[in-house]
Amino acid sequence: MLRKFLLTTVFASGFALAANAAEQVEVLHWWTSGGEAAALDVLKQKLESQGVTWKDMPVAGGGGEQAMTALRARVTAGDPPTAVQALGFDITDWAKQGVVGDLGDVAGKEGWDKVVPTALQNFAMYDGKWIAAPVNVHSTNWVWINKKALDAAGGKAPESWDELIAVLDKMKENGITPLAHGGQAWQDATIFDAVVLSLGTDFYKAAMIDLDPAALNSDKMKEAFDRMAKLRSYVDDNFSGRDWNLASAMVIEGKGGMQMMGDWAKGEFLKAGQKPGEDFVCIRFPGTQGAVTFNSDMFMMFKVGDANKNAQLMMASDIMSPDFQSSFNVVKGSVPARTDVPDAAFDDCGKKGMKDLAEANSSGELFGSMAHGYAAPAAVKNALYDVVTRHFNGEIDSAEAAKQLADAVAAARG
Ligand code: BGC
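Plus 7 on top of the position in the sequence shown (first one is 1) and you've got our numbering.
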């Protein structure tokens, strides 16, 4: 017990916080796959080594929809967790409710505003206050390809839509499931992010960020849906409801050729002992090279009593430390949420992710991911999910989907 009193964490700026006995953080998150759990463990162990007790509240479900439902119940009951994994507009929505904490003491002393990209600060801050600590930057326009399957399909990673289709056709001929995918709305929407982006960065911005009705119901959007329907033809019949990490497992095992998924998928490949360039290949979704649709996992902090305030600040400080940002993201598949973290510890896909992010940021081609809550608030996101999924499942054709997309977004915006 005495040891706990003595354990301290030294902040980058030189001030120190000590964990009091029995201090704890209760953390709500949806990191339940093998790769995700391995990454979470890096954070858990760091806090535990500082004498802070970790109370885990995992809520399974990729993309975090179920986690957000569980959070609502806790906040409504007046008993929010200490820290909650959250994305983009969800964070702003909670801040508006006046239930989130204030990390200003730590953020100011550690100079977060100088190292966290503005695109993230827009969500980690509300009303001039730091309310969340960004732990990473993921992006959704990636494709993860089994190396052997690619070699058997000619060996060249596709760079355009036509080349992508040629590789998928070849994989089909070779008797594997060309596209490993799980039929869940957020997964369909993750592919949709990349497909819309592949038809132009201006188009992505107009449709997904600006929610321009003329872009939502356009010939280009119909083309985006035609591309979705084409991709659907490479998915196996058992895809309905399949979790994303099981789709990753298909590619890892060579039963599937490729998966179109955010870079959390890399965490699964690494957990299975696979190496980029040897066992799998990472490429940007063909036609989206140079652009990035990002989402950043942030730990949004809720108002907690004095007993755990210190632990909450320690957690925020740990998350933001450059060393932690490196060691965590190397395992998670994402890249650091600070601009000053060296890429030395990252594999080739991670190095590419860091470079792509910096370049997209300076060229104005960095956009929030619609599928993962960084383009529009949940009501609009869910309206989009619904149309994209019904189209993917063949319930409506592409022209109808484009029309319904514009109508659904208009209705959700009220
Ligand atoms: C999160 C990732 C997570 C993925 C699948 C995304 O929304 O940002 O951290 O790994 O969902 O669960």
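The C-beta atom is built at its ideal place from N, Cα and C for all residues, glycine as well.
Being a predicted model, the structure only gives us computed values, none of them experimental.
Taking non-hydrogen atoms of ligand 1 into account, the C-beta of residue 50 is found less than 7 Å away from none of them. Looking at the DSSP output, residue 36 sits in a beta bridge with 65.
Per the DSSP secondary-structure output, residue 289 pairs in a beta bridge with 151.
The beta carbon of residue 45 is closer than 6 Å to those of 278 and 338 in its chain, skipping five residues each way along the sequence. Per DSSP, the unbroken beta strand (DSSP E) holding residue 264 starts and ends at 263–267.
Spatial neighbours of residue 413 in its own chain (CB-CB distance under 7 Å, excluding positions within 5 residues in sequence) are listed in chain order as 220, 223 and 224.
Residue side-chain check: residue 43 places its Cβ nearer than 7 Å to a non-hydrogen atom of ligand 1. Not a single heavy atom of ligand 1 lies less than 7 Å from the C-beta of residue 100. Cβ contact annotation for residue 175 (same chain, cutoff 6 Å, sequence separation greater than five): 185 and 241, in chain order.
Secondary structure note for residue 307: its beta strand (DSSP E) is the uninterrupted segment 305–308.
Secondary structure in the region 170–195: the beta strand (DSSP E) runs of 3 residues or longer, each lying completely within the stretch, are 184–186 in chain order. Contact between residue 270 and residue 369 fails: their C-beta atoms lie close to 20 Å from each other, not under 8 Å. Per the coordinates, the alpha-carbon of residue 307 lies some 43 Å from the alpha-carbon of residue 162. Residue 149 and residue 52 have their alpha carbons spaced roughly 30 Å apart.
When beta bridges are read from the DSSP output, residue 133 appears opposite 136. By the neighbour-count definition (other C-beta atoms within 10 Å, threshold 16), residue 351 is an exposed residue.
Pairing residue 208 with residue 47, the inter-Cα distance amounts to about 33 Å.
Contact between the region 255–271 and the region 108–127 is not established, with fewer than three Cβ pairs separated by less than 8 Å. Taking 7 Å as the cut-off, one finds at least one heavy atom of ligand 1 near enough to the beta carbon of residue 302. Within the DSSP bridge table, the entry for residue 93 names 305 as partners.
In this structure, residue 149 has its beta carbon at no less than 7 Å from each heavy atom of ligand 1. Relative to ligand 1, residue 78 has its C-beta separated by 7 Å or more from all heavy atoms. Residue state for residue 373 is assigned as strand, using DSSP reduced to three classes.
With a cutoff of 7 Å, residue 145 counts as near ligand 1, since its C-beta is closer than that to a heavy atom of the ligand. Residue state for residue 283 is assigned as strand, using DSSP reduced to three classes. Burial check for residue 360: the Cβ neighbour count within 10 Å reaches 16 or more, so the residue is buried. The Cβ atoms of residue 301 and residue 206 lie no closer than 8 Å to each other. Our two residues, residue 388 and residue 378, have alpha carbons roughly 7 Å apart in a direct line. Straight across, the Cα-Cα distance linking residue 245 with residue 191 is about 12 Å.
Straight-line spacing of the CA atoms in residue 252 and residue 357 works out to 19 Å. Using a Cβ-Cβ distance cut-off of 8 Å, the region 98–112 and the region 224–234 are not in contact, since fewer than three pairs of beta carbons, one from each stretch, lie closer than that value. Beta-bridge partners of residue 60 (DSSP): 31. Going by beta carbons, residue 344 and residue 142 fall inside the 8 Å limit. Membership of residue 327 in the alpha helix (DSSP H) is indicated by the continuous run 313–327. Around the C-beta of residue 291, 16 or more other C-beta atoms lie within 10 Å, and the residue is accordingly described as buried. According to DSSP, residue 145 shares a beta bridge with 302.
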